[in-house]
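Protein chains: 2
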Amino acid sequence: MAKEYVDINTLKYLLYQVHALDDLFGFERYEGHDRPSMDMFLDAIKDFADRDLFPFFKEMDDDPAGFDNGEVRVHEQVAVMMKKGGEMGVICGPLDYDQGGLQIPFMVHTAATYILDAANNHLPGYATLTLGAAELIVHFANQNLKDTYVPNMLLGAWGGTMCLTEPQAGSSLSDITTKATLTDEGYYKISGQKIFISGGDYQYVENIVHLVLARIDGAPEGTKGISLFVVPKNRVETDGSLVGNDVKTLSDFEKMGQRGFATTHLGFGDSDDCQGWLVGEANQGLKYMFLMMNDARIGVGRGAAAIAMAAYQASLQYAKERAQGRKISETGKKDPGEDQCLIIEHPDVRRMLFLQKAIAEGSLSLILLAAKYHDLQRSVSDHSEKEKYQLLLEIITPMVKTYPAEAGALAVSNGLQVLGGYGFCSDFILQQYYRDIRIFSIYEGTTGIQSQDLLGRKVLMNNGKALQLLIEEIGTTIAVASDYKDLQEWAATLKGKLTMIHEVLVYLKTFANKENYERYLSDANLFMEFLSYVVIGWNWLEMAYVAKQALDNKDAAYSEAFYESKIHTMKFYFKYELTKTNALAETLMHKEVLTQKMEKEFLV
Amino acid sequence: MAKEYVDINTLKYLLYQVHALDDLFGFERYEGHDRPSMDMFLDAIKDFADRDLFPFFKEMDDDPAGFDNGEVRVHEQVAVMMKKGGEMGVICGPLDYDQGGLQIPFMVHTAATYILDAANNHLPGYATLTLGAAELIVHFANQNLKDTYVPNMLLGAWGGTMCLTEPQAGSSLSDITTKATLTDEGYYKISGQKIFISGGDYQYVENIVHLVLARIDGAPEGTKGISLFVVPKNRVETDGSLVGNDVKTLSDFEKMGQRGFATTHLGFGDSDDCQGWLVGEANQGLKYMFLMMNDARIGVGRGAAAIAMAAYQASLQYAKERAQGRKISETGKKDPGEDQCLIIEHPDVRRMLFLQKAIAEGSLSLILLAAKYHDLQRSVSDHSEKEKYQLLLEIITPMVKTYPAEAGALAVSNGLQVLGGYGFCSDFILQQYYRDIRIFSIYEGTTGIQSQDLLGRKVLMNNGKALQLLIEEIGTTIAVASDYKDLQEWAATLKGKLTMIHEVLVYLKTFANKENYERYLSDANLFMEFLSYVVIGWNWLEMAYVAKQALDNKDAAYSEAFYESKIHTMKFYFKYELTKTNALAETLMHKEVLTQKMEKEFLV
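Protein sequences, first through last, are from chains V and B. Letter 408 of the first sequence, counting from 1, is numbered 582 in the working numbering, and no numbers are missing. Letter 460 of the second sequence, counting from 1, is numbered 634 in the working numbering, and no numbers are missing.
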């Protein structure tokens, strides 16, 4: 088993030096916090992760969530996750004081859950989905629903879920058919089935509060007729006692990875006795859900970024311990009389390690940046500043969700490869990370859906203002980095990519302008990849110039080698990854249209 | 469960029309065969795969090979694979008549095992490794060893393995320490341990014949002191009876994928009673092993190509049955009143399917081409022609082993993504292909090792003659394709890539010329990817022009749509995959050196 799963130095470097968490403490919302208190919180989280999450990681895969006799049984550490996590603020952390929260910056909560994800990605979801469900109630439901459900959820005594997907409605949420029928008593009767419900049932909480998308009788077709309901597993009687609410667990999906995190199939109202309470106004359900969805998507990116980090740590440790082969001498030969060298000395192994480092740390930087935009948009008072951060958050969110998942899977695969045959064996942990991370390209909107959102909505929104703001931010980093002589050529390379973005979009928009939207969006997936490379390149240039600044200032917060490793990895990313934009731009501007459906079917 | 796992039409199109199997029947070696007899053989293999392999594919994953009480227990279909496979010629097929073989072209044997691999990749290895071991004996051992072991192996009554890897010697074979001590009786006493031995033990054969690399007492250091031995699990007494030969199975490796294919840890001579017989001459073991290794590496590529094909078939079937979402209209909106469309109509799903098709069929074409070179080099009589095919086979083999494994894993991942959340669930087969294919980048020399072989040996061998021959072959295809007006621009694109290969090598060779071999080879992995894209592009251009020719000639062997699909997929490959060479060339010629070990360690 690997000894470490997260690089706390890099996490804190990104949090404090690169993304300047301290800026936030100046806002009224966060004035109750400071760096020492946040450090103490993160250190406590790391201790918790060391003790209660990481040691159970393999065990939860070997002994996965299972379904037996109508009940889902999960590993006993789920109880610890909910209870201790609840006590420590993993659930209530980002909520306002008057909502029962700790009002800590989302950046810090994100860093905390990142540590937990890296330690054992099968566990934190139980708590973070409970937070997501509680937030929906806090923001949109009436006081009675808040009083009834939220306090127990924040403590981790009750769980929470989000119920969107149905067997016939996954990517296409407009096709939801779960029914809600108003009764004279004011509640609704709910009937229907939901699938892929993470943390949908388990034995360690007294109740589970489902936030369910359903259609009120007579509601309009499509997304305009979807409402949001609180549907508890057990409803709360007037005397406070709990009685079954006709929510049945029909099965638990057996999966390739994240096997300790239950994924359930739920049936509502089989006995016509499932009661649900409307959240907010009728037919506004999808809007409410999507207002919280940005956070959920950052959460998915965070989980994938954390797995990539943990896999990097495990393969790095192996590479520093495993001797195999010899260095190539100047004659091109190897001397079998010499001792074998450590594999970390082989250039190709180093390439695989730097690739992991570039992806894992680049992803983490992007995640924390998104969290900072989230904090800023709710903290700044100036209207146009608020709009700026909202738009920046909107445009990067699809990439925040997608890049860590897609590139992270590649990083983990390289980590597995570092171990050779052992990487494929169950006694080594890389294969588990390899299986676990694969779901993140599917969770909360697949890569395809995120790509349509990026190119089809976010790039076009407010007449392209969100993209314009993003490019300005990148431009600022390029300008600052250009002040450092050693970084000038790298900054210039990134500047060239901004021109490339412009060229690609001018080309693609000719189709949108001709109302050929299907063509405009047909390579959205490649555009996602293309823009993500640039955005991660921007993050690396930022990490590099902050490191350069620290070296120049002889800032002793970290070692020289630490700062230099950031500059080195930036160069690695630019040489090995950012170059891929060239190929993608060529493909995106290629005149042949090959993926739209044609008269003859060529997929045989 | 998917209904189909292989596209027999494409297999036969490649075998007969693109790679012209019929050419071989003109050689003396293959004059006993013709197209009808080979078709009959392949059809029988397909029936066998349908009946005895494919239906047990999931079962073998659910109930994997296991180790209990010193014995490896495998699924009972292994018995069927060995027995029926043996009877049908899966083991003896490519051997000469006088060696007990059927003398069928390696192309046909490759096509046959490809069908078996696609049906259930956990099974054919038991038979093909037995063939590999038998071939080593047939080619290099004395008559007594041949008479004692080969007949039972060819029948599938006895298994066979190749024992190379040791705990301290994986990629670095020069570090093998298994000992062989000559006795007065003429045999050697063997002692040592071997790991990762595929098919190293199972209950359904009477004996297993291990071909073991070991070091004779006093042998030179490194690769020059390695000898090859026949070391049976049970030795054959003079009366023909079998007695235990002190070969112990120490464990079976539990793995992420290919779980039905036993991977064992073997101990030789724990009780000082393990007898081995030298094959050929002392200290020539690695040479013998590597003379057979080309075939083994083609076999790895074949297995990966087959899994990519099977995954493509499964996801294609799903995409043709699953309704989800709607087409985008000219207003950019979707009408929720319309029925949902099949997902195969969405451009992004089509992109994922075409990508799979391009990789799966491109890989298959390359595999069959390698098999053809193998057949030609042993059939032609002219010396320089023989050398030509030997060199062509040498230079493409690292790519034949690597591209289907690396690109195949990407293809399978796209297949999984087509299914969305279901793709991650154990009830659907994509996740099994995803796990299974991951080992192929590690088997028989990792991608890193293959890449060093390609750039470090094959590109340089005979003063670059192998590469020159390959480029001439590609040039021939470009010239022929250029005769078709519709293909001219695509042929021109491929021609540009030949120039790019030249530029990249001129740049890299400056380092080799300065005896900086480590730098020359440091990005060998990227060169492998780069050259593989071009070679697969060449295969696609070949497939396309043969299709174009068939369309022009109104050849009715296949439908018009079938031929057009080949041309369409060639264009897809050129637009979406071949473009990646641009980025790779830029990286390969980038002046920064970032992966050689430096004084300070930046991997923190």
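Glycine residues also receive a C-beta, built at the ideal position from the N, C-alpha and C atoms.
Cβ pair residue i, residue j closer than 8 Å
i: Tyr-462/B; j: Leu-402/B; result: yes
i: Leu-566/B; j: Tyr-547/B; result: yes
i: Ser-706/V; j: Tyr-577/V; result: yes
i: Glu-309/B; j: Met-467/B; result: no
i: Leu-768/B; j: Lys-749/V; result: yes
i: Thr-423/B; j: Glu-250/B; result: no
i: Asn-295/V; j: Asn-756/B; result: no
i: Tyr-737/B; j: Arg-612/V; result: no
i: Ile-400/V; j: Asn-326/V; result: no
i: Val-282/B; j: Leu-216/B; result: yes
i: Val-405/V; j: Cys-448/V; result: yes
i: Trp-664/B; j: Leu-725/B; result: no
Residue i classed as buried or exposed, judged by whether at least 16 other C-beta atoms fall within 10 angstroms
i: Phe-528/B; result: buried
i: Gln-367/B; result: buried
i: Ser-625/V; result: buried
i: Tyr-694/V; result: buried
i: Thr-357/B; result: exposed
i: Arg-471/B; result: buried
i: Phe-464/V; result: exposed
i: Asn-588/B; result: buried
i: Asp-697/V; result: buried
i: Tyr-376/B; result: buried
i: Arg-409/V; result: buried
i: Ser-539/V; result: buried
i: Ser-211/V; result: exposed
i: Tyr-271/V; result: exposed
i: His-439/V; result: buried
i: Val-709/B; result: buried
i: His-557/B; result: exposed
Span of the beta strand (DSSP E), counted from its first residue to its last, around residue i
i: Val-386/B; result: 381–390
i: His-439/B; result: 437–442
i: Met-353/V; result: It is Lys, not Met, that sits at residue 353/V in the sequence shown. Looking at the DSSP string, the run of the beta strand (DSSP E) that includes Lys-353/V is 353–356.
i: Leu-452/B; result: 449–452
i: Met-744/B; result: Run containing Met-744/B: none in the beta strand (DSSP E); it sits in the alpha helix (DSSP H), 734–747.
i: Gly-333/B; result: 332–337
Counterpart residues of residue i in DSSP-defined beta bridges
i: Arg-122/B; result: One cannot answer for residue 122/B here, as it falls past the ends of chain B, which runs 175 to 778.
i: Arg-247/B; result: Gly-240/B
i: Ile-371/V; result: Thr-438/V
i: Ile-350/B; result: In the DSSP output, where bridge partners are listed per residue, Ile-350/B has none listed.
i: Thr-423/V; result: Leu-440/V
i: Cys-266/V; result: Cys-266/V pairs with nothing; no bridge assigned.
i: Lys-429/B; result: Cys-599/V
i: Leu-584/B; result: Answer is none; Leu-584/B lacks a bridge partner.
i: Gly-366/B; result: Phe-442/B
i: Ser-401/B; result: Ala-388/B
Supposed contact pair residue j and residue i - C-beta distance, whole angstroms, cut 8 Å
i: Glu-340/B; j: Ile-369/B; result: 6 Å
i: Gln-514/B; j: Ser-346/V; result: 6 Å
i: Arg-389/B; j: Ile-350/B; result: 6 Å
i: Arg-496/V; j: Asp-509/V; result: Incorrect: roughly 20 Å between the Cβ atoms, too far for contact.
Start and end residues, alpha helix (DSSP H) containing residue i
i: Ala-626/V; result: In the sequence as displayed, the identity of residue 626/V is Gln instead of Ala. Per DSSP, Gln-626/V belongs to the alpha helix (DSSP H) from 621–626.
i: Gln-487/V; result: 459–495
i: His-193/V; result: No alpha helix (DSSP H) holds His-193/V; DSSP gives it neither H nor E.
i: Val-180/V; result: Neither: Val-180/V is in no alpha helix (DSSP H) and is coded neither H nor E.
i: Glu-692/B; result: 691–696
i: Leu-672/B; result: 662–687
i: Lys-774/V; result: No alpha helix (DSSP H) contains Lys-774/V, which DSSP labels as neither H nor E.
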